[in-house]
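**Q** Taken in order, the sequence shown gives residues 147 to 318; the numbers are from the working numbering. Ideal Cβ positions, reconstructed from N, Cα and C, are used throughout, including at glycine.
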Amino acid sequence: CLVRACLAQGKALQRAGQPDAAAQSHAKLQDLCRVDEDGTADQCAEAVVLNQTVLETDDQFEWAHYFLGLALFKRQDYAQAISHLETAQRLNASRREASYYLRACRAAAHRKKGERAQALQLLREAIGLLPGRYEAHLMLANGLVRECEVEEERDELEASTRIAPLAAEAVE
147 CLVRACLAQG KALQRAGQPD AAAQSHAKLQ DLCRVDEDGT ADQCAEAVVL NQTVLETDDQ
207 FEWAHYFLGL ALFKRQDYAQ AISHLETAQR LNASRREASY YLRACRAAAH RKKGERAQAL
267 QLLREAIGLL PGRYEAHLML ANGLVRECEV EEERDELEAS TRIAPLAAEA VE
């Protein structure tokens with residue numbers, strides 16, 4: 147498997163005192179593990195398998211935890227997504243994307259349990275971290291519709307549409 151070969155190569159280069167070459171191998175592995183934030187169901191399924199394979203070999207590979215968490219979030223497997231996003235955040239606390247998706251994922255889990263106030267607060271926190279991402283704006287707009295907070299819902303829907311014009315079609 148190409149994933150295991152990249153991992154082995156990177157570790158061998160690191161042990162051989164070639165950190166630049168190891169970093170290139172690491173970057174290639176990261177590209178293999180990547181799942182787009184707008185990934186399809188098939189891409190997410192592939193990302194789950196690939197990233198699980200990486201983590202079987204190296205459970206400290208931050209990007210594998212992040213991409214696996216993102217793919218699981220997109221598949222609405224919130225408990226597993228939260229676990230991997232927490233690990234990604236622990237491994238690199240400065241990566242705002244992991245914190246953003248961790249909050250969005252926790253919000254979705256709270257919403258699923260009917261805990262709307264907690265979900266809305268987490269979505270506001272996610273937006274504060276990365277205001278240029280449409281997902282949290284859209285999720286917040288949907289949640290506000292259910293809470294009958296029409297003015298704020300309209301503002302969030304407009305923000306979502308400015309960021310990603312096709313996002314308006316995803317309103318529940």
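#1: Determine the extent of the alpha helix (DSSP H) in which D213 is found, giving its start and end residues.
#2: On the criterion of 16 or more Cβ atoms from any shown chain inside 10 Å, does V317 qualify as buried, or is it exposed?
#3: Counting C-beta neighbours from all protein chains within 10 Å, is the total for D173 16 or more, i.e. buried, or is it exposed?
#4: With distances taken between CB atoms, is the gap from C251 to I228 smaller than 8 Å?
#5: Under a Cβ-count criterion, where at least 16 other Cβ atoms within 10 Å of its own Cβ denotes burial, should G156 be classed as buried or exposed?
#6: Could you compute how far the alpha carbon of L284 sits from the alpha carbon of Q176?
#7: For G289 and G163, I'd like the C-alpha separation in whole angstroms.
#8: Within 10 angstroms of its Cβ, does E304 collect 16 or more other Cβ (buried), or is it exposed?
#9: Give the secondary structure of E261 by DSSP, where H, G and I count as helix, E and B as strand, and everything else as coil.
#10: May I ask which residues mark the beginning and end of the alpha helix (DSSP H) holding L175?
#11: Hey, quick one: how far does the alpha helix (DSSP H) through E232 stretch, first residue to last?
#12: In this structure, how does DSSP classify L284 when only helix, strand and coil are distinguished?
#13: Could you give the DSSP three-state label for R252: helix, strand or coil?
#14: On the DSSP letters alone, give me the boundaries of the alpha helix (DSSP H) that L201 sits inside.
**A** Quick answer:
#1: The identity of residue 213 in the sequence shown is Phe, whereas the question assumes Asp. Element bounds for F213: 208-220.
#2: Unreliable placement is indicated for V317, whose pLDDT of 46 sits below 50; no coordinate value is reported for it.
#3: Looking at the sequence shown, residue 173 is not Asp but Ala. A173 should be labelled exposed.
#4: In this structure, I228 lies closer than 8 Å to C251 by Cβ.
#5: By the neighbour-count rule (16 or more Cβ atoms within 10 Å), G156 is buried.
#6: Those two C-alpha atoms are separated by around 28 Å.
#7: Rounded to whole angstroms, the gap between the alpha carbons of G289 and G163 is 52 Å.
#8: Label assigned to E304: exposed.
#9: Correct three-state label for E261: coil.
#10: The continuous alpha helix (DSSP H) containing L175 extends over residues 165-179.
#11: Annotation for E232: the continuous alpha helix (DSSP H) segment containing it runs 224-237.
#12: Residue state, collapsed to three classes: helix.
#13: It is helical.
#14: Note, L201: alpha helix (DSSP H), 187-203.
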